[in-house]
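Here is the structure we will look at, set down as C-alpha cells.
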Amino acid sequence: MEAGNGGAGAVSFRREKFVEMGGPDGGDGGDGGSLYLKSASSLNTLNPYRHQRSFSAQRGMNGESALCKGKNGRSVTLEVPLGTVVRDANSGELLAEMLEDGQRVCVARGGRGGLGNNHFKSATNRTPRKSQPGETGEARDLDLELKMIADVGLVGFPNAGKSTLVSRVSAARPKIADYPFTTLEPQLGVVPVTDIDSFVISDIPGLIEGAAQGAGLGIQFLRHVERTRMLLHLVDISDPTQEPKDAVHIIESELAEFSDALFAKPRWLVATKLDALQDDGRREQFEKLCRERGLTPVFISAVTGEGLKQLIYSIHDELSAL
Ligand SMILES: Nc1nc2c(ncn2[C@@H]2O[C@H](COP(=O)(O)OP(=O)(O)OP(=O)(O)O)[C@@H](O)[C@H]2O)c(=O)[nH]1
Ligand SMILES: [Mg+2]
Numbered sequence: 001m002e003a004g005n006g007g008a009g010a011v012s013f014r015r016e017k018f019v020e021m022g023g024p025d026g027g028d029g030g031d032g033g034s035l036y037l038k039s040a041s042s043l044n045t046l047n048p049y050r051h052q053r054s055f056s057a058q059r060g061m062n063g064e065s066a067l068c069k070g071k072n073g074r075s076v077t078l079e080v081p082l083g084t085v086v087r088d089a090n091s092g093e094l095l096a097e098m099l100e101d102g103q104r105v106c107v108a109r110g111g112r113g114g115l116g117n118n119h120f121k122s123a124t125n126r127t128p129r130k131s132q133p134g135e136t137g138e139a140r141d142l143d144l145e146l147k148m149i150a151d152v153g154l155v156g157f158p159n160a161g162k163s164t165l166v167s168r169v170s171a172a173r174p175k176i177a178d179y180p181f182t183t184l185e186p187q188l189g190v191v192p193v194t195d196i197d198s199f200v201i202s203d204i205p206g207l208i209e210g211a212a213q214g215a216g217l218g219i220q221f222l223r224h225v226e227r228t229r230m231l232l233h234l235v236d237i238s239d240p241t242q243e244p245k246d247a248v249h250i251i252e253s254e255l256a257e258f259s260d261a262l263f264a265k266p267r268w269l270v271a272t273k274l275d276a277l278q279d280d281g282r283r284e285q286f287e288k289l290c291r292e293r294g295l296t297p298v299f300i301s302a303v304t305g306e307g308l309k310q311l312i313y314s315i316h317d318e319l320s321a322l
C-alpha cells in the first residue's frame with residue numbers, strides 16, 4: 001500500500017508588465033492521496049485482494065506560479081468485509097478492526113504538499129529561492145485477516161451437513177455436495193426467528209483430525225468461529241463409516257487444542273441426517289454423549305425439515321440468555 005507523495009512547492013516570481021518588483025508567487029504543492037479501508041457488510045471474502053495485492057494513491061501535483069496550489073492526489077478507498085482485522089505486516093501491529101458497516105480507516109497517509117517560495121519571503125529576503133519538496137507518502141504492507149462476526153458457528157466433519165443446514169434456515173446458498181471439503185470459504189447466513197429477531201450463523205469448511213495443527217482447511221477457519229457466541233457441533237449419525245463418539249471426540253480435541261477460549265464456548269451437539277439413520281444404536285450412542293456433557297440431544301434432518309424450527313427457537317433463547 002503506497003500513499004501518494006505530496007507535490008513540491010514552486011519557486012516562482014511574479015513578472016508583470018506594469019509591476020516593477022515582482023514578489024515570490026510559487027504555489028504550494030498538492031497533498032498526496034491517502035489509502036483507506038472501508039468495511040462493507042455486502043462483502044464476505046477478502047478474495048479480491050488475493051489477485052491484486054498492491055495499491056497506490058495518486059501523488060499531489062506540484063505547485064505553480066501565480067500562487068497556484070497543486071492539485072491534491074486522489075485518495076483510494078478499498079472495501080473489505082465486516083470483521084476484517086488489519087495489521088501492519090512487518091511489525092504485526094494491530095491497525096484496525098473493521099467491526100461497523102461503513103467504518104473507514106486510513107492505512108497510509110498521503111504526503112503533505114511542500115510550501116511554495118511565497119512562504120519564505122521576509123524583510124531581509126524578498127526573493128527567496130527556497131521552496132519545500134513534498135513529503136513522501138506512507139508506504140505499508142498490510143496483513144488482512146477476516147474474522148467473522150456471527151452469533152453461531154458451525155463445526156463438524158466434512159459432509160456433516162453444515163452447509164445444508166445453513167441453506168435451510170437462512171437465505172444463504174452455500175454449495176452443497178456429497179464429497180468432503182465442499183465448503184472452502186466461510187459463509188454467513190441470517191436466520192430469521194420472528195419478524196424482528198434474527199441471528200447470524202456461520203458455515204465453515206469441515207474440520208478433520210489435526211485441523212488445529214493446520215490439517216485440511218481447518219485452522220484458518222477456526223479463527224473465524226472464535227468470535228461467535230456459541231457453536232453447533234454437527235454430527236452425521238447416519239454415516240455408517242464413522243461412530244458418533246469418534247466424530248464428537250476428534251472435533252472436541254481439535255477445538256481444545258486450538259484455543260481454550262474456543263473450547264470454553266457454549267457448544268451444542270446436533271445430530272444430522274435423521275431421515276437417513278438406519279442404526280438405532282447410533283442414536284443411543286449420540287444421546288449418551290449428550291448426557292455425559294449435560295446437553296439436551298438435538299436431532300435434525302435438513303432434508304425433511306424435522307427439528308429445524310425447534311433448533312432455531314432454542315438457539316434464539318440461548319443467545320438471549322447469554
Ligand atoms: N439424507 C440427508 N442428507 C443430507 C442431510 N443434510 C445434508 N445431507 C447431504 O450430505 C451431504 C453433505 O452436505 P453438506 O451440507 O455439503 O455438508 P458440509 O458439512 O457442509 O460439508 P463440507 O462443506 O464438505 O464440510 C450432501 O450430499 C447433502 O445433500 C440430511 O438431513 N439428510
Ligand atoms: Mg459445506
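Counting in the working numbering, the sequence shown runs from 1 upward without gaps.
Ideal Cβ placement from N, Cα and C applies to all residues, glycine included.
None of these values were measured; they are calculated from a predicted model.
Query                                                                                                                                                                                      : Result
Hey, does residue 40 have any beta-carbon neighbour from chain B nearer than 9 Å?                                                                                                          : The structure shown contains no chain B; it holds only a single protein chain.
So residue 341 packs on residue 87, CB below 8 Å; how close in whole Å?                                                                                                                    : Outside the displayed range of the chain (1 to 322) lies residue 341, so it cannot be described from this structure.
What residue does the beta strand (DSSP E) around residue 156 start on, and which one ends it?                                                                                             : 152 to 156
Which word fits residue 28, buried or exposed, when buried means at least 16 other C-beta atoms lie within 10 angstroms of its C-beta?                                                     : buried
The alpha helix (DSSP H) spanning residue 289 covers which residue range?                                                                                                                  : 280 to 292
Let me know if residue 232 comes out buried or exposed under the rule of 16 or more other beta-carbons within 10 Å of its beta-carbon.                                                     : buried
How long is the line joining the alpha carbons of residue 52 and residue 303, rounded to whole angstroms?                                                                                  : 40 Å
How many Å lie between residue 139 and residue 209 at the Cα?                                                                                                                              : 41 Å
Can you confirm whether the region 170 to 186 touches the region 115 to 129 when touching is taken to mean that 3 or more C-beta pairs between the two stretches lie within less than 8 Å? : no
Would you please state the rounded distance, in angstroms, between the beta carbons of residue 234 and residue 201? I believe it to be under 8 Å.                                          : Actually they are not in contact, since the Cβ atoms of residue 234 and residue 201 sit about 12 Å apart, beyond 8 Å.
Flag this pair as yes or no: are the beta carbons of residue 100 and residue 39 separated by less than 9 Å?                                                                                : yes
Using three-state DSSP, classify residue 169 as helix, strand or coil.                                                                                                                     : helix
Please list, in chain order, all residues of the same chain as residue 226 whose beta carbon is under 6 Å from its beta carbon, the five residues on each side excluded.                   : 262
For the region 300 to 314 against the region 259 to 276, are there 3 or more C-beta pairs whose distance is under 8 Å?                                                                     : yes
Between residue 44 and residue 217, which are expected to be in contact by the criterion C-beta below 8 Å, what is the C-beta distance as a whole number of angstroms?                     : Going by Cβ atoms, the distance from residue 44 to residue 217 rounds to 16 Å, so no, they are not a contact pair.
Where does residue 246 fall in DSSP's three states?                                                                                                                                        : helix
Between the region 91 to 99 and the region 64 to 72, do at least 3 Cβ pairs fall closer than 8 Å?                                                                                          : no
Note the first and the last residue of the continuous beta strand (DSSP E) segment covering residue 233.                                                                                   : 230 to 236
Between the alpha carbons of residue 82 and residue 279, how many angstroms are there, rounded?                                                                                            : 43 Å
May I ask you to check if the CB of residue 288 is nearer than 8 Å to at least one heavy atom of ligand 1?                                                                                 : no
Nearest-angstrom Cα distance between residue 152 and residue 9?                                                                                                                            : 56 Å
Taking the straight line between their C-alpha atoms, what separation do you get for residue 164 and residue 91?                                                                           : 41 Å
Should residue 167 and residue 190 be called a contact, given that it needs their Cβ atoms to be closer than 9 Å?                                                                          : no
Grab me the residues of residue 103's own chain with a C-beta within less than 6 Å of its C-beta, minus the 5 sequence neighbours each way, in chain order.                                : 39
Just the Cα atoms here: how many angstroms apart are residue 48 and residue 321?                                                                                                           : 38 Å
Suppose you measure from the CA of residue 293 to the CA of residue 212; what does that come to, to the nearest Å?                                                                         : 22 Å
Per DSSP, what kind of secondary structure is residue 311 in: helix, strand or coil?                                                                                                       : helix
Measure from the alpha carbon of residue 194 to the alpha carbon of each residue in 13, 316, 36, 1, then state which is nearest.                                                           : 316
For residue 187, which three-state DSSP category applies?                                                                                                                                  : strand
I need the straight-line Cα distance from residue 73 to residue 4, nearest angstrom please.                                                                                                : 7 Å
Can you list the alpha helix (DSSP H) stretches of 4 or more residues lying completely in the region 30 to 59, in chain order?                                                             : 48 to 51
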